[in-house]
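Trainee:
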Amino acid sequence: MKTEVVVALIAGTLALAGSILTFYLTKIREDNTKRLEHTIEHYRRQIEEFYGPLFNLVNQIDTLYYVKEHIVNPASGVHDPLSEEQKKEIESFFKNEYFFDLHKEIVRILRTKLYLVEGAEMPASFCEYLYHATQEQAQFRLWKENNIDTKHIVGQPFPDQFIKDIKDGLQGAMQRYNQTRQIYKRNIFGISFIKLPYSKSNLEKHNNAHAHRASKVDRL
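Just so you know, we're using numbering that gives the first Met the number 0 here: the sequence shown kicks off at 0 and counts up by one.
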C-alpha cells in the first residue's frame, strides 16, 4: 500500500476519532449543564418559595410576641397601669390583627410547598407547629364566637425548634445554591466531574418523598 494512502487512512481515522470524542464530550457537558440548571432552579425555589418566606414570617411572629409582652408584662420596676381585662383585650387584639394571619400564611406554605423541604423526612417541629397553630386558633374562636371556655385543655406551645429548623434550612439552601452556581460557571468552560451538593439521584429521592410528607400534614 502506498505511503500516501496509509497517511490518508490514518488521518481520516484520527479525524473520525476526534469528531466522536468531541461529540461525546459536548454531550457530557450539555447533560451536566442541564442537570446543574435543574438543581440550581430547585435550590432557588427552596429559598424564594419556602425557607425564605417562612423565615420572614416566624421572625415577624417572634418580634410581635416581644412587643406584646412588653406591653402586657412590663419589666420589673415599670409602672403597670393595665387591668387584667385590658391585658386580655390586648392579647385578643394581637391574635386577631397579627398572629392568626401570620400563622395562616405559614400553614398555607407548609401545605402547598412542603415538597421543597430539604431531606426525605419532614422535621418533627413542623408537625408540632401545625398542632400549635391549629389548636390555638380553634380554642380562641370557641371562646370568642361560642363563649366556650377550654382552659382545661393545655395548649401546645410554640416549638422553638421550628424557628431553628427554618433558619438552618434557609442557610443550607443558600449555601448549596451558591456552591452549585460556582460549579455551573466552571462547567461552561469545561467538563465538571465535581459532585454536586445534592446529587441528581438524591434530588429524585427528595421529590419522591413529597407524597409521604404531605400525607402527614393532611392528617393534622
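By construction, the Cβ of each residue, glycine as well, lies at the ideal position given by its N, Cα and C atoms.
Please read these numbers as outputs of a predicted model, since none were measured by experiment.
Can you check the stretch 15–90 for any beta strand (DSSP E) of at least 3 residues that lies completely inside it and give the ranges in chain order?
Mentor: For the stretch 15–90, not a single whole beta strand (DSSP E) run of length 3 or above is found.
Trainee: Which whole-angstrom value describes the C-beta separation of Asn31 and Asn186, a residue pair presumed to lie in contact below a C-beta threshold of 8 Å?
Mentor: 5 Å
Trainee: Return the residue from the list Glu48, Ile39, His151 and Glu120 that minimises the CA-CA distance to Tyr183.
Mentor: Taking only the C-alpha atoms, the option nearest Tyr183 is Ile39.
Trainee: Quick one: what does DSSP say Lys112 is sitting in, helix, strand or coil?
Mentor: coil
Trainee: So which of Arg107, Phe98 and Gln160 has the shortest CA-CA distance to Gln59?
Mentor: Distances from the CA of Gln59 to each of Arg107, Phe98 and Gln160 were compared; the closest alpha carbon is that of Phe98.
Trainee: What are the boundary residues of the alpha helix (DSSP H) that Phe125 is part of?
Mentor: Boundaries of the alpha helix (DSSP H) harbouring Phe125: Ala123 to Asn145, taken from the DSSP string.
Trainee: With C-beta atoms as the reference, is Leu53 less than 8 Å away from Ile165?
Mentor: In this structure, Leu53 sits near Ile165, with a CB-CB distance shorter than 8 Å.
Trainee: Measuring only the C-alpha atoms, how far is Thr130 from Asp167?
Mentor: Contrary to the premise, residue 130 reads as Tyr rather than Thr in this sequence. Taking the straight line from one Cα to the other gives about 21 Å.
Trainee: Can you list, in chain order, the residues of its chain whose CB lies under 8 Å from that of Ile89, leaving out five sequence neighbours each side?
Mentor: Lys67, Ile70, Val71 and Leu81
Trainee: Closer than 6 Å by C-beta to Lys86: which residues in its own chain qualify, once you throw out the five before and the five after it? Chain order, please.
Mentor: A distance below 6 Å between beta-carbons, with the five flanking residues on each side excluded, links Lys86 to the following residues of its chain, in chain order: Val71.
Trainee: Less than 8 Å between the C-beta atoms of Ile9 and Met173, yes or no?
Mentor: With a cutoff of 8 Å on beta-carbon distance, Ile9 and Met173 are scored as not near each other.
Trainee: Within 10 angstroms of its Cβ, does Tyr42 collect 16 or more other Cβ (buried), or is it exposed?
Mentor: buried
Trainee: Between the Cα of Gln170 and those of Lys33, Phe139 and Val116, spot the shortest distance and give me the residue it belongs to.
Mentor: Val116
Trainee: Where does Ser198 fall in DSSP's three states?
Mentor: Caution is warranted here: a pLDDT of 46 is assigned to Ser198, below 50, making its placement in the model unreliable, and no coordinate value can be reported.
Trainee: Closest by CA to Val57, which one among Thr179, Gln178 and Gln160?
Mentor: The candidate whose alpha carbon is nearest that of Val57 is Gln160.
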